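Engineer: Using our numbering, the first residue of the sequence shown is number 4, and each one after it goes up by one.
Just so you know, even glycine gets a beta-carbon here, dropped at the ideal spot from N, CA and C.
In this text the structure is predicted, and so the values were computed from the model without any measurement.
Below you'll find the structure I mean.
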Amino acid sequence: MTSAELLIDAFDRIRDEVYQAVTGLSADELAYRPDREANSIAWLVWHLTRVQDDHVGGVAGTDQVWTSAGWAKRFGLPFGPGATGYGDRPGDVAAVRVEGDLLVGYHDATYERTVAYVGNLTDDDLPRIVDRNWDPPVTLGVRLVSVVSDDLQHAGQAAYVRGLLERR
Numbered sequence: 004m005t006s007a008e009l010l011i012d013a014f015d016r017i018r019d020e021v022y023q024a025v026t027g028l029s030a031d032e033l034a035y036r037p038d039r040e041a042n043s044i045a046w047l048v049w050h051l052t053r054v055q056d057d058h059v060g061g062v063a064g065t066d067q068v069w070t071s072a073g074w075a076k077r078f079g080l081p082f083g084p085g086a087t088g089y090g091d092r093p094g095d096v097a098a099v100r101v102e103g104d105l106l107v108g109y110h111d112a113t114y115e116r117t118v119a120y121v122g123n124l125t126d127d128d129l130p131r132i133v134d135r136n137w138d139p140p141v142t143l144g145v146r147l148v149s150v151v152s153d154d155l156q157h158a159g160q161a162a163y164v165r166g167l168l169e170r171r
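See below:
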């Protein structure tokens, strides 16, 4: 297995988890929060997809799917186009109220762009420095593993919230 195949497998797994968390739920169910401070499935999936879109677009040197393909307009959220959910407060989380098809559609578009990029990477690409704002500087490999880690954590949280919702 090449490093590119490994990364594609990781992003496939994230997509599978997103589908399992979202499929078959209404907008009201996707907006369910166990309490006023908790994240909803909709927010978690939107956020993990925004992080993937932002970070992969950054290292690939491409525009984000969110803005270039019109997803920001379709979602109609009260955030600026660069918002990824980082630092959101409970009111921001509550504002992410959308249908599952929209969440999955945006995730699919981001996934397609992601695997097209990572599918062309070689082992020699991974040590490239992509962010000098950290000590040590962040390499492409570290950045992509960070995205995978963050996305899987949030997908797991979405699955947990779905479990709570279904047991109510």
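Who are the near neighbours of valine 1 in its chain, counting only those whose CB is closer than 6 Å to its CB and skipping five residues on each side?
Structural biologist: Within the shown structure, residues of the chain are numbered from 4 to 171, placing residue 1 beyond reach of any answer.
Engineer: Just to confirm, are glycine 88 and leucine 28 a CB contact at a threshold of 9 Å?
Structural biologist: Not a contact, by the Cβ cut-off of 9 Å.
Engineer: Quick check: the Cα distance between alanine 7 and asparagine 123, rounded to an integer number of angstroms?
Structural biologist: Looking at the two C-alpha atoms, the distance is approximately 7 Å.
Engineer: Going by beta-carbon coordinates alone, are proline 93 and glutamate 40 separated by less than 9 Å?
Structural biologist: In contact: proline 93 and glutamate 40 (Cβ atoms closer than 9 Å).
Engineer: Using 10 angstroms around the beta-carbon of glycine 60, count the other beta-carbons present and answer buried if the total reaches 16, otherwise exposed.
Structural biologist: Buried.
Engineer: I'd like the list of long-range same chain contacts for proline 84, defined as Cβ closer than 6 Å, with 5 residues on each side in sequence excluded.
Structural biologist: Once the five neighbours on either side are set aside, the close Cβ partners of proline 84 are Thr70 and Ala75.
Engineer: Taking three-plus beta-carbon pairs below 8 Å as touching, is the stretch 15–33 in contact with the stretch 131–142?
Structural biologist: These segments do not touch.
Engineer: So, at 6 Å on beta carbons, what are the nonlocal neighbours of leucine 167 in its own chain, with the 5 sequence-adjacent residues on each side left out?
Structural biologist: Around leucine 167: Pro37.
Engineer: Apply the 10 Å Cβ neighbour rule to threonine 113 and answer buried if 16 or more other Cβ atoms are within range, or exposed otherwise.
Structural biologist: Result: buried.
Engineer: Helix, strand or coil for valine 99 per DSSP?
Structural biologist: It is coil, neither helix nor strand.
Engineer: Could you tell me the boundaries of the beta strand (DSSP E) in which aspartate 66 lies?
Structural biologist: Taken as a continuous stretch (DSSP letters only), aspartate 66 belongs to no beta strand (DSSP E), as it is neither H nor E.
Engineer: Count the other CB atoms, across all protein chains shown, that sit within 10 Å of the CB of isoleucine 17; report buried if there are 16 or more and exposed otherwise.
Structural biologist: That one is buried.
Engineer: Find out if the Cβ-Cβ distance for the pair arginine 146, valine 133 is shorter than 9 Å.
Structural biologist: In contact: arginine 146 and valine 133 (Cβ atoms closer than 9 Å).
Engineer: For a test of the three-state rule: what should DSSP assign to threonine 142, helix, strand or coil?
Structural biologist: Three-state result, threonine 142: strand.
Engineer: May I have the straight-line CA-CA distance separating asparagine 136 from proline 130, to the nearest angstrom?
Structural biologist: The alpha-carbon atoms of asparagine 136 and proline 130 are separated by roughly 16 Å.
Engineer: Just confirm the distance between the C-beta atoms of valine 68 and valine 150, as a whole number of angstroms; I'd bet it's less than 8 Å.
Structural biologist: Rounded, the Cβ-Cβ distance is 14 Å, inconsistent with contact.
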